[in-house]
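Peer 1:
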Amino acid sequence: MSPGARRQWADGEEQAWDRLGLAAPADVCSRAGASYDDRSGAYSLKVFSAAITVNPGQREISGSGALSDMLLGGLSSYSRLSILWYLAQAQDIPDSGILKNPRDLPGGLIFSRGSHALPLERLASEYGHDGAAFVSRGVSLGGKPCDYHDASVKLYPFPRVPVLLVLRLRSYEFHAEALLLLDSTCRHHLPMDVVWSTAMMSVLVML
Numbered sequence: 001m002s003p004g005a006r007r008q009w010a011d012g013e014e015q016a017w018d019r020l021g022l023a024a025p026a027d028v029c030s031r032a033g034a035s036y037d038d039r040s041g042a043y044s045l046k047v048f049s050a051a052i053t054v055n056p057g058q059r060e061i062s063g064s065g066a067l068s069d070m071l072l073g074g075l076s077s078y079s080r081l082s083i084l085w086y087l088a089q090a091q092d093i094p095d096s097g098i099l100k101n102p103r104d105l106p107g108g109l110i111f112s113r114g115s116h117a118l119p120l121e122r123l124a125s126e127y128g129h130d131g132a133a134f135v136s137r138g139v140s141l142g143g144k145p146c147d148y149h150d151a152s153v154k155l156y157p158f159p160r161v162p163v164l165l166v167l168r169l170r171s172y173e174f175h176a177e178a179l180l181l182l183d184s185t186c187r188h189h190l191p192m193d194v195v196w197s198t199a200m201m202s203v204l205v206m207l
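Using our numbering, the first residue of the sequence shown is number 1, and each one after it goes up by one.
1) From A199, I98, S115 and G12, pick the residue whose C-alpha is nearest to that of S184; which is it?
2) DSSP state of L72, grouped into three classes?
3) From which residue to which residue does the alpha helix (DSSP H) around L190 run?
4) Can you check whether the CB of G131 is closer than 7 Å to the CB of L169?
5) Leaving out five residues on either side along the sequence, give the residues of the same chain with a beta carbon under 6 Å from the beta carbon of S202.
6) Check each candidate in D27, S96, S35 and L75 and name the one with the smallest Cα separation from C186.
7) With contact counted as at least three CB pairs below 8 Å, one residue from each stretch, are the region 14 to 30 and the region 120 to 128 in contact?
8) I think A50 touches S68, with their Cβ atoms under 8 Å apart; what is that distance to the nearest whole Å?
9) Does the region 101 to 117 come into contact with the region 32 to 42, if we say contact requires no fewer than three beta-carbon pairs (one atom in each stretch) closer than 8 Å?
10) Examine the ligand FMN and report whether any of its heavy atoms sits within less than 6 Å of the Cβ of A132.
11) Which same chain residues, not among the five before or five after H129, have their C-beta less than 6 Å away from its C-beta?
12) With the cut-off set at 7 Å, would you say L81 and G12 are in Cβ contact?
13) Given L179, which residues of its chain have a CB within under 6 Å of its CB, disregarding the five upstream and five downstream residues?
14) Would you mind giving the Cβ-Cβ distance between G65 and T53, rounded to the nearest angstrom? I have them listed as a contact below 8 Å.
15) If you reduce the DSSP assignment to three classes, tell me which class E14 lands in.
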């Protein structure tokens, strides 16, 4: 990530912290599907299958366990911004059930720009010979098996932002391919650049 991008990311975190700190906890919980502890002043949010704690007063994000360590460690450049903006902006609206390639969403051209391209080829290479392992990994993250193509799983990086990952297995005729689809409502819950970081996090956590 370039210095300019890191600066924008840091500024985005600060803005999200500010918005979250001013929000009424009951409103945040209703919108985002989170819970709030009055004593600690912290929210609890399910991120995939990990319980993440967000304390606006102390501006701390924490969790315990291997998945939390991964999210808040190696994947922190994607997870922190995504978690904060989800709590700050998520809306109390149901999924539409309309699946979209993220490039087809308003502002979705970000998914086609150089380093912003999702590493779906890596995902296909990792699981292209083993659909059962692909689904098993998704289920271990709190996902649900689906019936699309050779193998598919719906992940929940956040309660109101489902991410569908679809795999076509390697065969004599075709290379393995992976596809990521988002519910059309995702743009109501997150700014588009944060939709991208959530999608990136969803692919990388499978790897």
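Glycine included, C-beta positions come from ideal geometry on N, C-alpha and C.
Since the model is a prediction, treat every value here as computed from it, not as a measurement.
Peer 2: To lay it out plainly:
1) Within the sequence shown, residue 184 is the residue found at index 184, counting from 1. Taking only the C-alpha atoms, the option nearest S184 is I98.
2) Numbered from its first residue, the sequence shown carries residue 72 at position 72. It is helical.
3) Working through the sequence shown from its first residue, we reach residue 190 at position 190. L190 -> no alpha helix (DSSP H), and no H or E assigned at all.
4) As a position in the sequence shown, residue 169 is number 169, starting the count at 1. As a position in the sequence shown, residue 131 is number 131, starting the count at 1. Yes, the pair counts as a contact, with Cβ atoms nearer than the cut-off.
5) What you label residue 202 is simply residue 202 of the sequence shown in a count that begins at 1. Answer for S202: L155, P157 and V163, listed in chain order.
6) As a first step, residue 186 must be located in the sequence shown, where it is residue number 186. For C186, the nearest C-alpha among the options comes from S96.
7) no
8) Within the sequence shown, residue 50 is the residue found at index 50, counting from 1. Within the sequence shown, residue 68 is the residue found at index 68, counting from 1. About 4 Å separates the two Cβ atoms, so the contact holds.
9) no
10) Absence of the ligand FMN is noted for the structure shown, with no ligands found whatsoever.
11) Looking up residue 129 in the sequence shown gives position 129. Counting only Cβ-Cβ distances below 6 Å, and skipping sequence neighbours, we find R170.
12) The count along the sequence shown starts at 1 and reaches residue 81 at position 81. The count along the sequence shown starts at 1 and reaches residue 12 at position 12. Against a cut-off of 7 Å, the Cβ pair of G12 and L81 comes out as a contact.
13) In the sequence shown, residue 179 corresponds to position 179, counting from 1. For L179, where only same-chain residues beyond five positions count, the Cβ hits under 6 Å are V166.
14) The sequence position of residue 65 within the sequence shown is 65, counting from 1. The sequence position of residue 53 within the sequence shown is 53, counting from 1. Actually they are not in contact, since the Cβ atoms of G65 and T53 sit about 12 Å apart, beyond 8 Å.
15) Taking the sequence shown and counting its residues from 1, one reaches residue 14 at position 14. Reduced to three states, the DSSP call for E14 is helix.
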